[in-house]
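Novice: To start, I am sharing the structure in question, which I have written as structure tokens.
Number of protein chains: 2
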Amino acid sequence: MAEDLQCLKVIALMGGCRGPVFFSSQTLGASLSTSPQTASRRLQSLERQMLVTRSVGPGGQYIAVTQKGEDELRREYAEYSRVFGREGVQCLLNGHVITGLGEGRYYMSLEPYRLQFQRHLGFAPYPGTLNLRLNPSSIPHRKKLDTLEWIPIHGFRAEDRTFGEARCLPCRIGDIRCGIVVPGRTHYPEDIVELVAPVGLRAALSLKDNDIVTVEVDYD
Amino acid sequence: MAEDLQCLKVIALMGGCRGPVFFSSQTLGASLSTSPQTASRRLQSLERQMLVTRSVGPGGQYIAVTQKGEDELRREYAEYSRVFGREGVQCLLNGHVITGLGEGRYYMSLEPYRLQFQRHLGFAPYPGTLNLRLNPSSIPHRKKLDTLEWIPIHGFRAEDRTFGEARCLPCRIGDIRCGIVVPGRTHYPEDIVELVAPVGLRAALSLKDNDIVTVEVDYD
DNA sequence: ATTACTAGTAGACGAGTAA
DNA sequence: TTTACTCGTCTACTAGTAA
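If you read the sequences in order, they're chains L and G. Going by the numbering used here, the residue at position 19 of the first sequence is 19; the numbering climbs one at a time, nothing skipped. Going by the numbering used here, the residue at position 196 of the second sequence is 196; the numbering climbs one at a time, nothing skipped.
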């Protein structure tokens, strides 16, 4: 419900995403321009939806936004970002080369995937991916990218197996055009980035494990 | 009203900020998970609030978000940005040195202003500002900065005159800590940036008019 | 197909009250 | 002071209908 989301946003503005914040229904009502009763009902509603956790004490209550609540807010933020934010995003992700599980090589060899990458990225993907572990300071930048418009890569069925969907974001390493690929809807480690490119990046850039790489995303 | 804002956002997502978009109440209702009747009433409500302009035709209507509507959405976007956006904003503004009106030098010599800059930026401002005209490609980045939390610089009265308020955003040129200063509430040219610093930037960096300067804003 | 009205209903609101 | 209940009102919804 829209009103609940507004309320959740106000709590987040008070710092509710970083830890419990203390306030009364009256205070919240003032921020929302409603009565304390309505503010109180909103908090109960948010708790029922598991968007916040509450601990009612004397003179007010401690409220913290849950992970589910934060996800909800980030979804909303991403929508606004699609309206305004796409101009002027500029990101440098720093990380070091790690050895992946070799799945990338397999998936990139499958025609249905190859064709989709070819069509949307403008190049045929090299059969293999480069895996990076991001520098911790790059993780916020990585999160920010989720608000951009990713290219959807659709799954398919073949030989009695289903191959999952994924999403892809165009980027660069120096002058080489690449794409960040994130598989499926499963939770993916936030510090890992998997890259497709028209060439074998390890060979082209003479990379070995632990070498530092900078990935550039410009979106303007 | 929260519901109206949600509706406005959906219209913006369809491209309503860039020009009129054509759709029916049913389509809109589907996006909002409401009946066509409610969607229709929402549109009437938005029109009454002058947040959109409408032109009803056969089989649907053309809707465009007005400037007032876009301002409303940007306000909301800025609030979400204050929750999430402050992590991982990284901006490089490129521009060339121009000669200002010399007002900066005067204002920076006034004690009430000087003290506020000193307190919030951590340095005493050099009496004088450096004016840059931004490269057009930097203007989107400049706009993005408006969603961050600026330091408010308060106005004051002295000698029968009022001195206006301003806002300031910490930044860097290389290793020199600076601040972007934007005066008052008046509309300021979007391609001009005025900088305060602890030193005279022209002298310190041997700058003359038309020299290229890169201003860095990191906010994490 | 639309938009926009009317009618009936369901749900949300604020006031009052108890703990 | 708080929170959270009940109660009466009123707004906002969906369904149906006309243009």
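Note that the Cβ used here is the ideal one computed from N, Cα and C, for glycine as well. A quick note: this is a predicted structure, and the numbers were derived from the prediction, not measured.
For the beta strand (DSSP E) containing residue 152 of chain G, name the first residue and the last one.
Specialist: Position 152 of the second sequence, counted from the start, is the residue given in the question as residue 152 of chain G. Per DSSP, residue 152 of chain G belongs to the beta strand (DSSP E) from 151-153.
Novice: Output needed in chain order: residues of the segment 65-90 of chain L with a Cβ under 7 Å from some Cβ in chain G.
Specialist: Flagged, chain order: 73, 74, 76, 77, 79, 80, 82, 83, 84, 87, 88 and 90.
Novice: Quick one: Cα of residue 21 of chain L to Cα of residue 54 of chain L, how far?
Specialist: As a position in the first sequence, residue 21 of chain L is number 21, starting the count at 1. As a position in the first sequence, residue 54 of chain L is number 54, starting the count at 1. Rounded to whole angstroms, residue 21 of chain L to residue 54 of chain L spans 10 Å at the Cα level.
Novice: Rank L:41, L:157, L:94 and L:207 by C-alpha distance to the C-alpha of residue 217 of chain L and give the top, closest one.
Specialist: Position 217 of the first sequence, counted from the start, is the residue given in the question as residue 217 of chain L. Checked all of L:41, L:157, L:94 and L:207; the closest Cα to residue 217 of chain L is L:94.
Novice: Per DSSP, residue 62 of chain L is paired with what?
Specialist: Residue mapping note: residue 62 of chain L aligns to position 62 of the first sequence, counting from 1. DSSP lists L:22 and L:55 as partners of residue 62 of chain L.
Novice: Taking only the alpha-carbon atoms, compute the straight-line gap between residue 109 of chain L and residue 215 of chain G and give it to the nearest angstrom.
Specialist: Residue 109 of chain L sits at position 109 when you count from the first residue of the first sequence. Residue 215 of chain G sits at position 215 when you count from the first residue of the second sequence. If I take the Cα positions, the gap works out to 44 Å.
Novice: Name, going along the chain, the residues of the segment 102-134 of chain L whose beta-carbon falls closer than 7 Å to a beta-carbon of chain G.
Specialist: So nothing in the stretch comes that close.
Novice: Cβ closer than 7 Å: which chain L residues qualify as neighbours of residue 158 of chain G?
Specialist: Within the second sequence, the letter at position 158 stands for residue 158 of chain G. Near residue 158 of chain G there are no residues of chain L at all, since even the closest Cβ is about 35 Å away, more than 7 Å.
Novice: With respect to the alpha helix (DSSP H) encompassing residue 38 of chain G, which residues constitute its N-terminal and C-terminal limits?
Specialist: Taking the first residue of the second sequence as 1, we reach residue 38 of chain G at position 38. Its alpha helix (DSSP H) spans residues 36-48.
Novice: Can you look up residue 219 of chain L in the DSSP assignment and give me helix, strand or coil?
Specialist: As a first step, residue 219 of chain L is located in the first sequence; it is residue number 219 there, counting from the start. In the structure shown, residue 219 of chain L sits in a strand (DSSP, three-state: E or B).
Novice: Using a Cβ-Cβ cut-off of less than 8 Å, list which residues of the segment 2-27 of chain L approach chain G; keep chain order.
Specialist: Answer set for the segment 2-27 of chain L: 2, 3, 5, 6, 9, 12, 13 and 17.
Novice: Starting from residue 161 of chain L, follow its DSSP beta bridges and name the residues at the other end.
Specialist: Position 161 of the first sequence, counted from the start, is the residue given in the question as residue 161 of chain L. Note: residue 161 of chain L sits in a beta bridge opposite L:158.
Novice: Alpha carbon to alpha carbon, how far is residue 23 of chain L from residue 46 of chain L?
Specialist: Locating residue 23 of chain L in the first sequence gives position 23, where the first residue counts as 1. Locating residue 46 of chain L in the first sequence gives position 46, where the first residue counts as 1. Distance between the alpha carbons of residue 23 of chain L and residue 46 of chain L is about 15 Å.
Novice: Curious, which full-length beta strand (DSSP E) runs of at least 3 residues does the segment 66-127 of chain G contain?
Specialist: Runs found: 89-98.
Novice: Measuring straight from C-alpha to C-alpha, what distance separates residue 132 of chain L and residue 161 of chain G?
Specialist: Here residue 132 of chain L refers to the residue found at position 132 of the first sequence. Here residue 161 of chain G refers to the residue found at position 161 of the second sequence. Straight-line Cα distance between these residues: approximately 59 Å.
Novice: Taking the alpha carbon of residue 144 of chain G as the point to measure from, which residue in L:66, L:39, L:84 and L:11 has its own alpha carbon closest?
Specialist: If you number the second sequence from 1, residue 144 of chain G lands on position 144. Of the candidates L:66, L:39, L:84 and L:11, the one whose C-alpha sits nearest the C-alpha of residue 144 of chain G is L:84.
Novice: Check the C-beta distance from residue 105 of chain L over to residue 128 of chain L and give it rounded, since I have them as a contact under 8 Å.
Specialist: By 1-based counting over the first sequence, the position of residue 105 of chain L is 105. By 1-based counting over the first sequence, the position of residue 128 of chain L is 128. Between residue 128 of chain L and residue 105 of chain L the Cβ distance is about 4 Å, and since that is below 8 Å, they are a contact.
Novice: Would you kindly work out how many angstroms separate the C-alpha atoms of residue 165 of chain G and residue 100 of chain G, rounded to a whole number?
Specialist: Within the second sequence, residue 165 of chain G is the residue found at index 165, counting from 1. Within the second sequence, residue 100 of chain G is the residue found at index 100, counting from 1. Answer to the nearest angstrom: the Cα atoms are 19 Å apart.
Novice: Could you give the residue range of the beta strand (DSSP E) that holds residue 166 of chain G?
Specialist: Position 166 of the second sequence holds residue 166 of chain G. First-last of the beta strand (DSSP E) with residue 166 of chain G: 166-173.
Novice: With DSSP as the reference, label residue 10 of chain G as helix, strand or coil.
Specialist: Counting from 1 along the second sequence, the entry for residue 10 of chain G is found at position 10. In this structure, residue 10 of chain G counts as helix in the three-state DSSP scheme.
Novice: What is the DSSP secondary structure of residue 189 of chain G, reduced to helix, strand or coil?
Specialist: Translated into the one-based positions of the second sequence, residue 189 of chain G becomes position 189. If DSSP states are grouped into helix, strand and coil, residue 189 of chain G belongs with coil.
Novice: For residue 12 of chain L, collect the residues of the same chain with a Cβ closer than 7 Å to its Cβ; drop the 5 residues on either side in sequence, then sort them by chain order.
Specialist: Position 12 of the first sequence, counting from 1, holds the residue named residue 12 of chain L. Correct list, in chain order: 65 and 73.
Novice: Do residue 196 of chain L and residue 125 of chain L have their beta-carbon atoms positioned less than 8 Å apart in this structure?
Specialist: Numbered from 1 along the first sequence, position 125 holds the residue referred to as residue 125 of chain L. Numbered from 1 along the first sequence, position 196 holds the residue referred to as residue 196 of chain L. Cβ atoms of residue 125 of chain L and residue 196 of chain L: closer than 8 Å.
Novice: Applying the criterion that 16 or more other CB atoms from any shown protein chain within 10 Å of the CB defines a buried residue, is residue 76 of chain G buried or exposed?
Specialist: As a first step, residue 76 of chain G must be located in the second sequence, where it is residue number 76. Its Cβ being crowded by 16 or more others within 10 Å, residue 76 of chain G is buried.
Novice: Go through its chain and collect everything with a Cβ distance to residue 200 of chain L's Cβ below 7 Å, but skip five positions before and after it.
Specialist: Counted from its first residue, the first sequence places residue 200 of chain L at position 200. These residues qualify, in order along the chain: 126 and 128.
Novice: Using only the alpha-carbon positions, how far apart do residue 118 of chain L and residue 112 of chain L sit?
Specialist: Here the question's residue 118 of chain L lines up with position 118 in the first sequence. Here the question's residue 112 of chain L lines up with position 112 in the first sequence. Roughly 10 Å between the two C-alpha positions.
Novice: On the three-state DSSP scale, how would you describe residue 184 of chain L?
Specialist: Position 184 of the first sequence, counted from the start, is the residue given in the question as residue 184 of chain L. Residue 184 of chain L: coil per DSSP, three-state reduction.
Novice: Under DSSP, the beta strand (DSSP E) around residue 134 of chain L begins and ends at which residues?
Specialist: Residue numbering aside, residue 134 of chain L sits at position 134 when the first sequence is read from its first letter. Here the beta strand (DSSP E) through residue 134 of chain L covers 130-134.
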